[in-house]
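FYI, in the working numbering the residues of the sequence shown are 1436 to 1840. The beta-carbon is built from N, C-alpha and C at its ideal position, and this holds for glycine as well. See structure below.
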Amino acid sequence: MNMLRAHAGRAWLALAGPLPAGARANLTVEALAALAYGVFFAAGISYVPVILRRLGAGADIIALQITLSYVGSLLAPLSLLLLRRMQPLSLVVVSWALARGCMVLLAFTSDPWLMLLVITLFWIGEHAPAPAYARVIQLAYPADVRGRAMALVRAVMVAALTLVTPVAGVLLDIGGHRTLLPLAAVAGVIAALACSRLRLPAGDADGPAQPSLTAALALVGGDRRFLVYLAGIALFGLGNIISIPLFPLVQVDRLQLSYGVIGLLGVVQSVCWMAGFLLWGRVIDRVGPTVVMLGTSLIAIVVPLCYAMADTVWLLIPACIAQGLVFAGFDLGASTAAIALAPPGRVLAYAAVQHVVIGVRGMLAPLLAAALLGIGYADTLVFAVGIGLLVLAAGCFVPYRRAAP
1436 MNMLRAHAGR
1446 AWLALAGPLP
1456 AGARANLTVE
1466 ALAALAYGVF
1476 FAAGISYVPV
1486 ILRRLGAGAD
1496 IIALQITLSY
1506 VGSLLAPLSL
1516 LLLRRMQPLS
1526 LVVVSWALAR
1536 GCMVLLAFTS
1546 DPWLMLLVIT
1556 LFWIGEHAPA
1566 PAYARVIQLA
1576 YPADVRGRAM
1586 ALVRAVMVAA
1596 LTLVTPVAGV
1606 LLDIGGHRTL
1616 LPLAAVAGVI
1626 AALACSRLRL
1636 PAGDADGPAQ
1646 PSLTAALALV
1656 GGDRRFLVYL
1666 AGIALFGLGN
1676 IISIPLFPLV
1686 QVDRLQLSYG
1696 VIGLLGVVQS
1706 VCWMAGFLLW
1716 GRVIDRVGPT
1726 VVMLGTSLIA
1736 IVVPLCYAMA
1746 DTVWLLIPAC
1756 IAQGLVFAGF
1766 DLGASTAAIA
1776 LAPPGRVLAY
1786 AAVQHVVIGV
1796 RGMLAPLLAA
1806 ALLGIGYADT
1816 LVFAVGIGLL
1826 VLAAGCFVPY
1836 RRAAP
């Protein structure tokens, strides 16, 4: 056992590469938290749209679930008020622990609407402290290694997700969601509490005062460069998310896939998700996060294209490969772009405004998809609209393809 642990330790050090001592310690803590979070996400979150569909939810409820998952991003500026009384790390840990813990309530319901309420509470607590988490990342890792460190943490999370996703699919087939989802919540709370062991330098890297939303909007409004970037974020989100409510319909209604098969597709997606983190992390450290956003927008076009044409499960495999790379690219790219593009002392303001944009477009996109379907448009038209929006998003990121990290 000791020898195995030593080999694992050496392999981890080789993957991490040269890092300052503080950053290396934080990387280890975040990696352990990410391991637990991967279990939570695989067993507690990834099957939610399909579970809702199995419980009788229509496209409108599935679209609403996706819409409500962005309420937390819309409320992110409220965390600026809490940061006047709490340290960023404390806010992140408390919010995440409460959000994931509320998933235990799913042991007591099979009603789609009650499930929707609990999932919405989870997403509010998960996304609302996003500006605080941006500060934590800024303090935890130097800029020249930030992309690599975040990529490794996310890769650990996705490795756990990859291993657990097919098992979770089988357990759902056997025992149902009322057994599995509350157990997943325990892993999520453990992941949140583990983050409390991060070591952050003393002092405030972004100035003592936390701006109000009005002040943050005023700061960002004068930065044309960042506004164009935000337009790209909005278009990317609309183009990507507008298709998501249709995925369970294709999987369940058109292709009649079981939980087990959907779980195997999830494995393909997760492997590419993990590989995407390792790829995009190095791209960020070398040429900047907006290059990642440009590449992610172009790759994302593959997803709606494949779902539009899918008459067999094999056509969903390229979509899963692309979706894995897109998840990794957006996670790392958007998380680090606000830090990279913000002037000194403005990270909180820029991160807060970015998450408001993410929240607004995240809420609008699935509702737009449901509206188009409701008035009789074919799903292929919805997919085509998504492709067009992704092309426009890529155009917004082109001016920053040489942006420095």
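C-beta contact flag for residue i and residue j at 8 Å
i: Gln1704; j: Gln1758; result: yes
i: Val1539; j: Pro1617; result: yes
i: Val1792; j: Leu1665; result: yes
i: Leu1607; j: Leu1524; result: no
i: Ala1786; j: Pro1566; result: yes
i: Ser1545; j: Leu1628; result: no
i: Ile1677; j: Gly1821; result: yes
i: Ala1769; j: Ile1679; result: no
i: Gly1711; j: Ala1763; result: yes
i: Arg1535; j: Phe1475; result: yes
i: Ile1496; j: Leu1551; result: yes
i: Ala1849; j: Ala1619; result: No answer is possible for residue 1849: it lies beyond the span of the chain, which begins at 1436 and ends at 1840.
Residue i versus residue j: straight-line alpha-carbon distance, rounded
i: Gly1623; j: Leu1783; result: 26 Å
i: Ala1804; j: Ile1734; result: 21 Å
i: Leu1556; j: Arg1660; result: 34 Å
i: Trp1626; j: Val1580; result: Looking at the sequence itself, residue 1626 is Ala, so the reference to Trp does not match. Whole-angstrom Cα-Cα distance: 23 Å.
i: Leu1670; j: Phe1818; result: 14 Å
i: Ala1542; j: Trp1548; result: 14 Å
i: Leu1825; j: Ala1494; result: 22 Å
i: Pro1840; j: Ala1745; result: With a pLDDT of 44 at Pro1840, under the threshold of 50, the modelled position of this residue cannot be trusted; read the value that follows with caution. Their backbone Cα atoms lie some 38 Å apart in a straight line.
i: Asn1461; j: Leu1684; result: 41 Å
i: Val1591; j: Leu1503; result: 27 Å
i: Trp1715; j: Leu1587; result: 11 Å
i: Thr1463; j: Ala1773; result: 24 Å
i: Leu1515; j: Leu1750; result: 44 Å
i: Ala1829; j: Pro1577; result: 28 Å
i: Phe1765; j: Thr1771; result: 10 Å
i: Ala1478; j: Gln1522; result: 31 Å
i: Gly1811; j: Val1761; result: 29 Å
i: Cys1630; j: Ala1468; result: 6 Å
i: Ala1775; j: Leu1454; result: 20 Å
i: Val1722; j: Arg1488; result: 42 Å
i: Leu1598; j: Val1655; result: 42 Å
i: Tyr1742; j: Cys1537; result: 33 Å
i: Leu1470; j: Asn1675; result: 27 Å
i: Tyr1568; j: Gln1686; result: 35 Å
Residue environment, residue i, which counts as buried when at least 16 other CB atoms sit within 10 Å
i: Pro1724; result: buried
i: Gln1691; result: exposed
i: Gly1611; result: exposed
i: Gly1657; result: exposed
i: Thr1747; result: exposed
i: Asp1688; result: exposed
i: Thr1614; result: exposed
i: Pro1739; result: buried
i: Ala1806; result: exposed
i: Leu1816; result: exposed
i: Ala1456; result: exposed
i: Gly1473; result: buried
i: Gly1809; result: exposed
Contact set for residue i: own chain, Cβ-Cβ below 8 Å, skip 5 residues either direction
i: Ser1481; result: Leu1596, Thr1600, Ala1603, Gly1701
i: Asp1641; result: For Asp1641, the predicted structure reports a pLDDT of 49, less than 50, and the residue's modelled location is therefore unreliable. A value from the coordinates is still provided. Around Asp1641: Arg1570, Gln1573, Gly1780, Arg1781, Val1782, Leu1783.
i: Gly1695; result: Pro1601, Gly1604, Val1605, Asp1608
i: Ala1466; result: Trp1447, Leu1587, Val1588, Val1591
i: Gly1582; result: Trp1715, Gly1716, Arg1717, Val1718, Ile1719, Asp1720, Pro1724, Leu1767, Thr1771, Pro1840
Beta-carbon contacts of residue i that lie in its chain and below 6 Å, excluding the five residues immediately before and after
i: Leu1510; result: Ala1563
i: Tyr1505; result: Gly1794, Gly1797, Met1798
i: Asp1814; result: Leu1681
i: Leu1827; result: Leu1670
i: Val1593; result: Ser1705, Trp1708, Met1709
i: Leu1673; result: Arg1796, Ala1800, Leu1824
i: Leu1517; result: Leu1526
Other residues of its chain near residue i: CB distance less than 7 Å, five sequence neighbours each side excluded
i: Val1737; result: Pro1753, Ala1754, Ala1757
i: Val1621; result: none
i: Pro1636; result: Leu1574
i: Leu1533; result: Gly1560
i: Ser1530; result: Gly1560, Ala1563, Pro1564
i: Leu1713; result: Ala1586, Ala1590
i: Gly1730; result: Gly1764
Beta carbon proximity, residue i to chain B, threshold 8 Å
i: Ala1805; result: Annotation note: the requested chain B is absent from the structure, which comprises a single protein chain.
Whole-angstrom C-beta distance between residue j and residue i, which should lie under 8 Å
i: Gly1507; j: Ile1559; result: 4 Å
i: Gln1500; j: Pro1512; result: In fact, because the Cβ distance is near 23 Å, the residues do not count as touching under 8 Å.
i: Phe1832; j: Ser1732; result: 6 Å
i: Leu1802; j: Ala1498; result: 6 Å
Any non-hydrogen atom of the ligand ATP within 7 Å of residue i CB
i: Leu1729; result: Of the ligands one can find in the structure shown there are none, so the ligand ATP has no counterpart to examine.
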